[in-house]
Amino acid sequence: MSALAAPNEVVTRALLRQVNVPGLDRPAALITLDNGFDHTKPNSFGPGGLTSLDEAITAALAAEPAFIAVTGKPYIFCVGADITSLPQLENREQALEIGRLGHRVFARLKDSAVPTFAFVNGAAMGGGLELALHCHYRTLSAGAAALALPEVSLGLVPGWGGTQLLPNLIGIPAATQVILQNPLMQNKMLKPKQAAEMGIADVLLEPADFLERSLEWAAGVVRGEVTVTRPEVDKDMWAGVLYFARQTLDQRLHGAVPAAYKALDLLETAKDGDFAAGTAAEDEALADLVFSEELRSGLYAFDLVQRRAKRPAGAPDKGLARPVTKVGIVGAGLMASQLALLFARRLQVPVVLTDLDQARVDKGVGYVHAQIEKAVSKGRMDKGTAAKLYGLVSGSVDKSVFADADFVIEAVFEDLGVKKQVWAELEKIVTPEAVLATNTSSLSITEMAADLEHPERVVGFHFFNPVAVLPLLEIVRGERTDDATLATAFAVGKQLKKSSVLVKDAPAFVVNRLLTRFLGTVFAAVDQGTPLDVANSALDPLGLPMRPLALLQLVGPAVAYHVGGTLHAAFPERFGVSENLKRIADSGQAIVVDDQVNEDVAKLLVVGDQPLTAEQVRQNALDALAQEIRLMLDEGVVAEAQDIDLCMILGAGWPFHLGGVTPYLDRTGTAERVTGRRFLPRGVASLRS
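Position 18 of the sequence shown, counted from 1, bears residue number 17 in numbering that gives the first Met the number 0, the numbering being contiguous throughout.
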């Protein structure tokens, strides 16, 4: 065990107690996982935690219990391996040893002659869920926050039996979804009801008396009064599902995520049901991946999302924040309506929209009501909550309804003159302390507030579309924005459950500036004569979530042209204006259809006779990103390169396996070649040497 010592491990203890259960002639053994902290620091397994569990199982078996059950501390079952210790491993043998230790301890529950149960009372991820899968039976709390096998998103594979047990429990299609598809879709989690329907749990129980009901249910199983039936797994479809999954990976990732392909190989091994061979293959895969650049980038990205995002760099003292008891939204279009629903759901305060005429107002409020009804019909919201939200959201054509609003956000046409006119009108209506927030994607906050009597209470509050899905919120400080306004903006962002990043008032801020430079470079190659399909596939080796032209289509050619114009005015030497992009915007045609370039759009273009190769397009795009990021850091747009990466991960879906943007630019040597130095020290998001 000394080779596996993890000096910084927060050890999750396995606490054993004997429980008398009615109807059984001897006590049950209940093992509770608890690291001694509350739910904000979840249980995890390092060498110390695994050893504690091993000892608890030994003691439990010695007492000859009616059954053994494993559960977690309040709200948390276990979120898996202690991944913070992985970078401390010095050689491949240590990686193999940690894999084998987990397999050996968990297998004791699987191979036990005494019935074993997992009482999954809260969040269960990675090795925590794998522990539950080793038990003979599983109860699940309907209040559990999330269940997942997220390892592939980090550059790992489920390494403690998940790839072998899950497909043989719920079938290969569902297992592929949990192990591959969900991690690669912004690390999507399973809700308890969905997990139970898949067959991951044998019974779903209410959280209020979960432990008592679990003990009763387990006793029923032991007495033979409760029969657990599980559908037979169809092995005939195994090869076909994995073939389709591999094709999908090739189309989306183009070989860029080694962990995803290793997970596919392990799922293929699971078909034969040789558990020992399968877990040995997991050990080997884990050892290979632990010393990969992709894993180090994935761990870096995970740390950004889990830690840095919760403590925004540069945010003022939260004690300066003012209470928000009413929200006003200027505009009632799609973005404004999405914002209204979000503010009402999260803040639980009155939200009022305004627009130029009653028809637009009614349409905006109608959208909110329709979304509430949809949530109720799908079981995502109860009728009581829906009724409350109906009452909170209203609309008016009279801006005087903002007189008692503490926080007013505008979501009107992206034109500086229009926005300045809106604020000039509103300043005469709202109180001097009311925060005025703008959802502008590229315009200057300072200029927008310049003519106001109280410019200090204007702040940028830039959401990303779709508002309900993308977690990033760029909070932009104008030159005269005061700390109280900024603190209120961060407090509201936290209530909205967004990850906020403080950004300096600079053209297009972070995400839109980088995406515009990136897409502009790719489209400049098209203007030179590079075929659309070559430009579109040039970035495939990075494994980005979308190809450039599909991303351009999602943003909207007209919006991209407009933002590009704003940046061209600010930095004409680096941001061009493509008339071809305007032609596409004016045509209203889709650039890509089913991931294929629309040949009708190609006919609209006026191009040069100097086409680039895919490799040249890719390198030009990466060089442009490196240059722009260095300039943004020199300008102080954000505090550090970590904030650039956090913005790109949460606002643009940049993959975890790249660590955002800067680790990849460092890893490929692009950063040093273009800017003269790395963005991050060695070992931060990469191997030490």
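Built from N, CA and C at the ideal position, the CB exists for glycine as well.
Suppose the cutoff is 7 Å on Cβ atoms and the five residues either side in sequence are ignored; what does the same chain contact list for D599 look like? Within the sequence shown, the letter at position 600 stands for residue 599. Within the same chain, D599 has close Cβ partners Q588.
CB of V51 within 8 Å of CB of R12, strictly: Counting from one through the sequence shown, the residue named residue 51 turns up at place 52. Counting from one through the sequence shown, the residue named residue 12 turns up at place 13. The sequence as given places Ser at residue 51; Val does not occur at that position. Taking 8 Å as the Cβ cut-off, S51 and R12 qualify as a contacting pair.
Buried versus exposed, by CB contacts within 10 Å (16 or more), G477: By one-based count along the sequence shown, residue 477 stands at place 478. The residue is buried, with at least 16 neighbouring Cβ atoms inside 10 Å.
Check for me: the alpha helix (DSSP H) holding A534 runs from which residue to which? For the purposes of this step, residue 534 is taken as residue 535 along the sequence shown, with counting starting at 1. Note, A534: alpha helix (DSSP H), 531 to 536.
Using the C-alpha atoms, what's the distance from E634 back to A68? Within the sequence shown, residue 68 is the residue found at index 69, counting from 1. Within the sequence shown, residue 634 is the residue found at index 635, counting from 1. Distance between the alpha carbons of A68 and E634 is about 57 Å.
contact_flag[the stretch 155 to 164, the stretch 254 to 273] where n(CB pairs < 8 Å) is 3 or more: yes
Buried or exposed: which applies to L657, given that a residue is buried once 16 or more other Cβ atoms fall within 10 Å of its Cβ? Position 658 of the sequence shown, counted from the start, is the residue given in the question as residue 657. Buried: at least 16 other Cβ atoms inside 10 Å.
On the DSSP letters alone, give me the boundaries of the beta strand (DSSP E) that S441 sits inside. Numbered from its first residue, the sequence shown carries residue 441 at position 442. From DSSP, S441 is part of no beta strand (DSSP E); its letter is neither H nor E.
Under the three-state reduction of DSSP, which class applies to C134: helix, strand or coil? Locating residue 134 in the sequence shown gives position 135, counting from the first residue. It is coil, neither helix nor strand.
Separation of R295 from G277, as counted between CA atoms: Walking along the sequence shown from the start, residue 277 turns up at place 278. Walking along the sequence shown from the start, residue 295 turns up at place 296. If I take the Cα positions, the gap works out to 25 Å.
For a quick check, are the C-beta atoms of A300 and D644 less than 8 Å apart? Counted from its first residue, the sequence shown places residue 300 at position 301. Counted from its first residue, the sequence shown places residue 644 at position 645. In contact: A300 and D644 (Cβ atoms closer than 8 Å).
Using CA atoms only, rank isn't needed, just tell me which of L148, A369, A358 is closest to Q337. As a first step, residue 337 must be located in the sequence shown, where it is residue number 338. Comparing Cα positions, the closest option is A369.
Please give the ranges of any beta strand (DSSP E) in the stretch 149 to 234, keeping only runs that are unbroken, at least 3 residues long and fully inside the region. 202 to 204
So what's V18 in DSSP terms, helix, strand or just coil? Residue 18 sits at position 19 when you count from the first residue of the sequence shown. Strand.
Report buried or exposed for M236, applying the criterion of at least 16 other Cβ atoms within 10 angstroms of its Cβ. Numbered from its first residue, the sequence shown carries residue 236 at position 237. Exposed, since its Cβ has fewer than 16 Cβ neighbours within 10 Å.
Distance, Cα to Cα, G652 vs V227? What you label residue 652 is simply residue 653 of the sequence shown in a count that begins at 1. What you label residue 227 is simply residue 228 of the sequence shown in a count that begins at 1. Rounded to whole angstroms, G652 to V227 spans 41 Å at the Cα level.
May I have the straight-line CA-CA distance separating V637 from L415, to the nearest angstrom? Walking along the sequence shown from the start, residue 637 turns up at place 638. Walking along the sequence shown from the start, residue 415 turns up at place 416. When rounded, the distance between both Cα atoms is 23 Å.
DSSP puts H461 in a beta bridge; with which residues? By one-based count along the sequence shown, residue 461 stands at place 462. According to DSSP, which records beta bridges pairwise, H461 is partnered with E473.
Could you tell me the alpha carbon to alpha carbon distance between F522 and A433, rounded to whole angstroms? Mapped onto the sequence shown, residue 522 falls at position 523. Mapped onto the sequence shown, residue 433 falls at position 434. Each residue's alpha carbon lies about 42 Å from the other.
Quick one: what does DSSP say V113 is sitting in, helix, strand or coil? The count along the sequence shown starts at 1 and reaches residue 113 at position 114. If DSSP states are grouped into helix, strand and coil, V113 belongs with coil.
Could you name each continuous alpha helix (DSSP H) segment of 4 residues or more that falls completely within the stretch 360 to 405, going from the start of the chain to the end? If we require 4 residues or more, the alpha helix (DSSP H) runs fully inside the stretch 360 to 405 come out as 382 to 391.
As an exercise, report each continuous alpha helix (DSSP H) stretch of at least 4 residues that is fully enclosed by the stretch 258 to 307, in chain order. 274 to 289, 292 to 305
Label S1 either buried or exposed according to how many other C-beta atoms from any shown protein chain fall within 10 Å of its C-beta, with 16 as the threshold for buried. Numbered from 1 along the sequence shown, position 2 holds the residue referred to as residue 1. The predicted model places S1 with a pLDDT of 40, which falls under 50 and marks its position as unreliable; any figure quoted below should be read in that light. So S1 ends up on the exposed side.
Is the number of C-beta pairs between the stretch 253 to 260 and the stretch 97 to 111 that are closer than 8 Å three or more? The stretch 253 to 260, when compared against the stretch 97 to 111, does not touch it at the 8 Å Cβ threshold.
So, helix, strand or coil for K503, using DSSP? Translated into the one-based positions of the sequence shown, residue 503 becomes position 504. Reduced to three states, the DSSP call for K503 is strand.
Residues near P206 in its chain [Cβ-Cβ closer than 7 Å; skip 5 each side]: Along the sequence shown, one-based indexing puts residue 206 at 207. Within the same chain, P206 has close Cβ partners S140, A141, G142.
Given V562, which residues of its chain have a CB within under 7 Å of its CB, disregarding the five upstream and five downstream residues? Stepping through the sequence shown from its first residue, residue 562 is reached at position 563. Excluding positions up to five away in sequence, the list reads S440, S441, A507, N511, T515.
Chain-order list of residues whose beta-carbon lies under 7 Å from that of A625 (same chain, five-residue window excluded): Translated into positions along the sequence shown, residue 625 becomes position 626. Only L664, T669, A670, V673, T674 meet the Cβ criterion.
Starting from T247 and walking both ways along the alpha helix (DSSP H), at which residues does that stretch end? Taking the sequence shown and counting its residues from 1, the one referred to as residue 247 is at position 248. Looking at the DSSP string, the run of the alpha helix (DSSP H) that includes T247 is 237 to 252.
Nearest to V351 by alpha carbon, out of T667, L391, I169? Within the sequence shown, the letter at position 352 stands for residue 351. Residue L391 is the option with its Cα nearest to V351.
Below 8 Å on the Cβ atoms is my contact criterion, and I expect L75 with P41 to pass it. Report the Cβ-Cβ distance as a whole number of Å. Indexing the sequence shown from 1 puts residue 75 at position 76. Indexing the sequence shown from 1 puts residue 41 at position 42. Contrary to the premise, residue 75 reads as Ile rather than Leu in this sequence. Right, their Cβ atoms sit about 5 Å apart.
Would you list the residues sitting across from I408 in a DSSP beta bridge? Counting from one through the sequence shown, the residue named residue 408 turns up at place 409. For I408, which the question treats as bridged, DSSP gives the partners I328, A436.
Hey, could you find the ends of the beta strand (DSSP E) M124 is sitting in? Walking along the sequence shown from the start, residue 124 turns up at place 125. Run containing M124: 122 to 124, per the beta strand (DSSP E) assignment.
Assumed close pair P46, H253 - CB separation to whole angstroms, cut-off 8 Å: Taking the sequence shown and counting its residues from 1, one reaches residue 46 at position 47. Taking the sequence shown and counting its residues from 1, one reaches residue 253 at position 254. Rounded, the Cβ-Cβ distance is 37 Å, inconsistent with contact.
Determine the burial state of R681: buried for a count of at least 16 other Cβ atoms within 10 Å of its Cβ, exposed for fewer. Translated into the one-based positions of the sequence shown, residue 681 becomes position 682. When all chains shown are included, R681 counts as exposed.
Who are the Cβ neighbours of V177 in its own chain at under 6 Å, not counting the five residues just before and after it? Along the sequence shown, one-based indexing puts residue 177 at 178. Excluding positions up to five away in sequence, the list reads L148.
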